[in-house]
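FYI, in numbering that gives the first Met the number 0 the residues of the sequence shown are 0 to 457.
Even glycine gets a Cβ: it sits at the ideal position worked out from N, Cα and C.
Here is the structure we will look at, set down as C-alpha cells.
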Amino acid sequence: MQFQQATRRVFAAVLLGLALVALSAAYWAVIGAQTLLLREDNARLFLAQASIVRGGIYDRAFTPLVISDEAATRRYLAPAMYSALGYYSLRYGVGGVEAVYDQTLRGDNLPRDLSAYFATEGLHRPQRGSDLQLTLDERLQTAAVNALGSYRGAVVLLDAESGAVLALVSAPSFDPNTLDTNWETLTAAPEEPFFNRALQGRYQPGSVLQTPLLAAALLAGISPDQPTENPTVPVSVNGLTLRCALPPDGETLTLAQAYANACPAPFASLFDQVGAISVEQMFSAFRIGTPIILPGFEDDADVPLATPDFAVFSIGDALGQGDLTVSPLAVAVMTAAVVNDGNAPQPYLLLATRSPGSAVWQASNSVYATVPIITQATSEALRTVMQASALRLGSNGAGQGAHIATAYAGERAHAWFTGFAPDRNGRTIAVALVLEDTEDAAAAAQVGAAVLAAIRVG
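Here you go:
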C-alpha cells in the first residue's frame with residue numbers, strides 16, 4: 000500500500016512538472032516571444048538584421064550612390080552626396096534618406112506571402128530590399144559642394160516647375176563609410192556634422208524678405224524703377240544697425256538697385272508705404288513662417304519656425320530681423336515661385352523604386368500640385384528685378400536671376416544667396432544657399448555665381 004501511494008505521488012509530481020513545462024512553453028511561444036525577440040542580447044535578431052541586403056540608392060541619371068554587397072556591407076560611393084543621403088549602421092541605426100525610406104530599403108514593405116517565405120527563409124537566402132531612384136543630380140550636387148568649399152552652410156537646388164530636389168548640401172558633413180569608427184567624435188563635434196542645415200536649419204532671413212516685400216510694393220502699384228530717398232542710410236532695428244549688404248556704386252538708387260545691393264532703408268520705407276495688412280497678406284502668400292518639409296521627412300529642426308503674429312508685426316519682422324526664421328529649402332521654394340509664374344512647387348525627393356530582382360522601375364506618386372502665391376505679372380516683374388540684380392552680382396548668363404542678403408542672430412551673422420538659371424534643356428533651376436558665421440554677402444554671391452554657372456553647362 001505504501002509503495003502504491005509513493006508511486007502515485009511520483010506520478011503526480013511528474014504530471015505537474017510536465018504541465019509546468021507545457022505552460023512555460025506556451026507562454027514563451029505565444030506571449031513572451033516578442034520579449035525574447037526584442038532583447039538587446041538576442042544574437043539571432045542581430046544576425047537577421049545583419050543579413051538583410053538593403054536596396055541601392057541612385058540619382059536621377061541612375062548613377063549609383065549607395066550599394067550593399069553580398070556580405071550586406073553598405074558602401075557610399077559619392078562623397079558629395081554624403082550629407083544628402085544620411086547613414087546606415089547596425090550599431091547606431093539610420094539617419095537621413097536611409098531613415099526616411101528604411102522600410103523600402105530593407106524590403107519590409109514587400110508582400111510576405113508563402114512563396115516569398117520559401118524564396119528567402121526556406122532557401123536560407125537573405126532578405127533583400129528595393130532600390131531607390133532619387134531626384135538628386137550627382138553632377139549638380141558635386142558642383143554645389145565644390146562651390147561651397149570650406150564654408151559652413153547649406154545649398155539647395157530645385158526644379159522650379161516640378162519641385163524635384165536636384166541638390167541638397169549641408170556642410171560640414173561626415174563619411175558614412177567610417178561612421179562606426181568615428182561615431183563618438185562626430186557626435187561630440189561642435190560643428191554638428193549630423194545636423195542637416197539644408198532641411199533642419201532655421202536662419203534669420205534678413206534681406207531675403209526683400210523679395211516678398213517688393214512683391215507687396217508691386218501689387219500696390221509702386222514701380223521698381225522709382226528713385227528712393229537716402230537708400231544707403233543705416234536702419235536700426237532690435238538693437239542692430241543694418242546696412243547695405245554690398246556697397247552701392249552711388250548714393251542715388253532706384254528700388255531695383257537697392258534690391259540688388261540689399262539696402263534696408265528703401266524697404267523700411269516700403270513697409271510704411273504698403274502697410275502692415277498688405278505685408279501680412281504677402282508674407283502669408285509666400286508661406287513665411289510655415290514649415291516646408293519634404294514628403295516622408297519630419298520637421299525635426301532644433302528651432303521651430305515661428306508663426307508670424309501680424310497683430311504686432313514690426314519693421315524688424317519685415318526686414319527679416321524679428322522672430323521669423325526660414326530654412327534654405329523654404330528660400331529655394333520662394334524663388335521657384337518667382338520663376339514659375341507665381342506658383343510655388345511642392346518639393347519632393349523620390350522618383351521611383353525597383354523591387355529586388357526586377358528590372359522595372361515603378362514611378363513614385365510624387366506629383367504635387369503647385370500653390371498659387373502671386374500673379375503672373377508680379378512674378379514677371381520680380382524676375383526682371385532679379386535678373387538685373389544678377390548682373391550687379393557678376394552672374395551675367397542669359398536668363399539668370401539673383402539676390403543676396405545678410406542677417407544677424409545674436410552675435411552671429413550669416414550671408415544668403417538665392418537665384419535661378421536655365422540649364423541646357425530649358426529647365427529653370429532655383430537656388431538657395433546660406434553661409435554661416437559671415438556677413439560677407441560678396442562671398443555668398445561668388446558661391447552662388449559658381450552654382451549658377453554649373454547649372455548652365457548641365
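Inset, instruction - Take Y367 and list the residues in its own chain whose beta-carbon comes closer than 6 angstroms to its own, dropping the five residues that flank it on each side. - result: Residue mapping note: residue 367 aligns to position 368 of the sequence shown, counting from 1. Around Y367: Q345.
Inset, instruction - Starting from the Cα of P421, find the closest Cα among T352, A453, A404 and A441 and give me that residue. - result: Looking up residue 421 in the sequence shown gives position 422. Taking only the C-alpha atoms, the option nearest P421 is A453.
Inset, instruction - Go ahead and label D298 buried or exposed: buried means 16 or more other beta carbons lie within 10 angstroms of its beta carbon, across all protein chains shown. - result: By 1-based counting over the sequence shown, the position of residue 298 is 299. In the assembly as shown, D298 is an exposed residue. Its beta-carbon has fewer than 16 other beta-carbons within 10 Å.
Inset, instruction - Rounded to whole angstroms, what's the CA-CA distance from L304 to G356? Just pull it up for me. - result: Counting from 1 along the sequence shown, the entry for residue 304 is found at position 305. Counting from 1 along the sequence shown, the entry for residue 356 is found at position 357. The predicted model places L304 with a pLDDT of 47, which falls under 50 and marks its position as unreliable, so this point remains unresolved.
Inset, instruction - Closer than 6 angstroms by C-beta to Y407: which residues in its own chain qualify, once you throw out the five before and the five after it? Chain order, please. - result: Taking the first residue of the sequence shown as position 1, residue 407 is located at position 408. Answer for Y407: L239, listed in chain order.
Legend entry - Element boundaries [alpha helix (DSSP H), containing D271]: Locating residue 271 in the sequence shown gives position 272, where the first residue counts as 1. Unbroken alpha helix (DSSP H) run through D271: P263 to V273.
Legend entry - Beta-bridge partners of G92, as assigned by DSSP: Counting from 1 along the sequence shown, the entry for residue 92 is found at position 93. Residue pairing from DSSP places G92 in a beta bridge opposite S88.
Inset, instruction - Report yes if the CB atom of A414 is closer than 8 angstroms to the CB atom of Q399, and no otherwise. - result: Position 415 of the sequence shown holds residue 414. Position 400 of the sequence shown holds residue 399. Taking 8 angstroms as the Cβ cut-off, A414 and Q399 do not qualify as a contacting pair.
Legend entry - Pair within 8 angstroms by beta-carbon distance, A214 and T377: Locating residue 214 in the sequence shown gives position 215, where the first residue counts as 1. Locating residue 377 in the sequence shown gives position 378, where the first residue counts as 1. Taking C-beta atoms as the reference points, A214 and T377 count as a pair closer than 8 angstroms.
Inset, instruction - Would you list, in sequence order, the uninterrupted beta strand (DSSP E) runs of no fewer than 3 residues that lie entirely inside the segment 389-457? - result: Counting whole runs of 3 or more residues, the segment 389-457 contains the beta strand (DSSP E) stretches 400-408, 411-421 and 427-435.
Inset, instruction - Examine the Cβ distances between the segment 199-214 and the segment 317-327 and report whether three or more of them are shorter than 8 angstroms. - result: Contact holds: three or more Cβ-Cβ distances are below 8 angstroms.
Inset, instruction - Return the bridge partner residues of A368 from the DSSP annotation. - result: Sequence index remark: in the sequence shown, residue 368 carries index 369 (1-based). Its beta-bridge partners do not exist; DSSP assigns none.
Inset, instruction - Express the C-alpha separation of V164 and P110 in angstroms, rounding to a whole number. - result: Taking the first residue of the sequence shown as 1, we reach residue 110 at position 111. Taking the first residue of the sequence shown as 1, we reach residue 164 at position 165. Going from the Cα of P110 to the Cα of V164 covers about 30 angstroms.
Inset, instruction - Using the DSSP secondary-structure output, state which residues sit across from Q132 in a beta bridge. - result: Locating residue 132 in the sequence shown gives position 133, counting from the first residue. Per DSSP, the beta bridge partners of Q132 are Y57 and A351.
Legend entry - Own chain partners of S88 with C-beta closer than 7 angstroms, once the 5 adjacent residues on each side are dropped: Along the sequence shown, one-based indexing puts residue 88 at 89. Taken in chain order, the residues that qualify are L178 and D179.
Legend entry - C-beta atoms of A462 and Y202 nearer than 8 angstroms: It is not possible to answer for residue 462, since the shown part of the chain is limited to 0 through 457.
Inset, instruction - Could you check the C-alpha separation between R105 and N195 for me, to the nearest Å? - result: Counting from one through the sequence shown, the residue named residue 105 turns up at place 106. Counting from one through the sequence shown, the residue named residue 195 turns up at place 196. Going from the Cα of R105 to the Cα of N195 covers about 23 angstroms.
Legend entry - Local Cβ density within 10 Å of R127, reported as buried at 16 or more and exposed below that: Within the sequence shown, the letter at position 128 stands for residue 127. Buried, since its Cβ has 16 or more Cβ neighbours within 10 Å.
Legend entry - Cβ-Cβ distance between L349 and I291 below 8 angstroms: Numbered from 1 along the sequence shown, position 350 holds the residue referred to as residue 349. Numbered from 1 along the sequence shown, position 292 holds the residue referred to as residue 291. With contacts defined by Cβ atoms closer than 8 angstroms, L349 and I291 do not form a contacting pair.
Legend entry - Inter-residue spacing [alpha-carbon to alpha-carbon] between A331 and G94: Looking up residue 331 in the sequence shown gives position 332. Looking up residue 94 in the sequence shown gives position 95. Their backbone Cα atoms lie some 23 angstroms apart in a straight line.
Legend entry - G54 versus P371, S129, Y86 and F61, residue with shortest Cα-Cα distance: Here residue 54 refers to the residue found at position 55 of the sequence shown. Taking each of P371, S129, Y86 and F61 in turn and checking the Cα distance to G54, the smallest one comes out for S129.
Inset, instruction - Ignore the nearest five residues each way along the sequence and tell me which others in C243's own chain have a CB closer than 7 angstroms to its CB. - result: Walking along the sequence shown from the start, residue 243 turns up at place 244. Excluding positions up to five away in sequence, the list reads T231, N260, A261 and C262.
Legend entry - Limits of the unbroken alpha helix (DSSP H) element including T210: Here residue 210 is taken as the residue at index 211 of the sequence shown, counted from 1. Judged by DSSP secondary structure, T210 falls within the alpha helix (DSSP H) whose first and last residues are Q209 to L218.
Inset, instruction - Taking the CB atoms as reference points, tell me whether A343 and V370 lie closer together than 8 angstroms. - result: Counted from its first residue, the sequence shown places residue 343 at position 344. Counted from its first residue, the sequence shown places residue 370 at position 371. Yes, Cβ-Cβ distance for A343 and V370 is below 8 angstroms.
Legend entry - Cα-Cα separation between V446 and R124, rounded to whole angstroms: Here residue 446 is taken as the residue at index 447 of the sequence shown, counted from 1. Here residue 124 is taken as the residue at index 125 of the sequence shown, counted from 1. Rounded to the nearest angstrom, the two C-alpha atoms are 49 angstroms apart.
Inset, instruction - Could you check the C-alpha separation between N229 and F270 for me, to the nearest Å? - result: Position 230 of the sequence shown, counted from the first residue, corresponds to residue 229. Position 271 of the sequence shown, counted from the first residue, corresponds to residue 270. Each residue's alpha carbon lies about 15 angstroms from the other.
Legend entry - Cβ contact check for the segment 244-258 and the segment 275-284: 3 or more pairs under 8 angstroms: As far as the Cβ criterion goes, the segment 244-258 does not touch the segment 275-284, which means the pair count is below three.
Inset, instruction - Could you tell me which residues DSSP pairs with V52 in its beta bridges? - result: Mapped onto the sequence shown, residue 52 falls at position 53. R127, per the DSSP bridge assignment.
Inset, instruction - Under 8 angstroms Cβ to Cβ from S235, same chain only, skipping five residues before and after it: list those, please. - result: Within the sequence shown, the letter at position 236 stands for residue 235. Excluding residues up to 5 positions away in sequence, L241 lie with their Cβ nearer than 8 angstroms to the Cβ of S235 in the same chain.
Legend entry - Residue of F312, I373 and G152 minimising C-alpha distance to A412: Residue 412 sits at position 413 when you count from the first residue of the sequence shown. Measuring C-alpha to C-alpha distances from A412 to each of F312, I373 and G152 identifies G152 as the nearest.
Legend entry - Terminal residues of the alpha helix (DSSP H) in which T184 lies: Numbered from its first residue, the sequence shown carries residue 184 at position 185. If you look at T184, you'll find it in the alpha helix (DSSP H) that goes L178 to A187.
Inset, instruction - Work out the CA separation of F173 and G249 for me, nearest whole Å. - result: Within the sequence shown, residue 249 is the residue found at index 250, counting from 1. Within the sequence shown, residue 173 is the residue found at index 174, counting from 1. Each residue's alpha carbon lies about 45 angstroms from the other.
Inset, instruction - Would you kindly work out how many angstroms separate the C-alpha atoms of S313 and I428, rounded to a whole number? - result: Here residue 313 corresponds to residue number 314 of the sequence shown, with the count starting at 1. Here residue 428 corresponds to residue number 429 of the sequence shown, with the count starting at 1. Straight-line spacing of the CA atoms in S313 and I428 works out to 33 angstroms.
Inset, instruction - Establish whether the CB of A343 and some CB of chain D are separated by less than 8 angstroms. - result: The displayed structure is made up of one protein chain only, and chain D is not part of it.
Inset, instruction - Select from L434, D158 and G393 the residue whose C-alpha is nearest the C-alpha of A443. - result: For the purposes of this step, residue 443 is taken as residue 444 along the sequence shown, with counting starting at 1. Per the Cα distances, L434.
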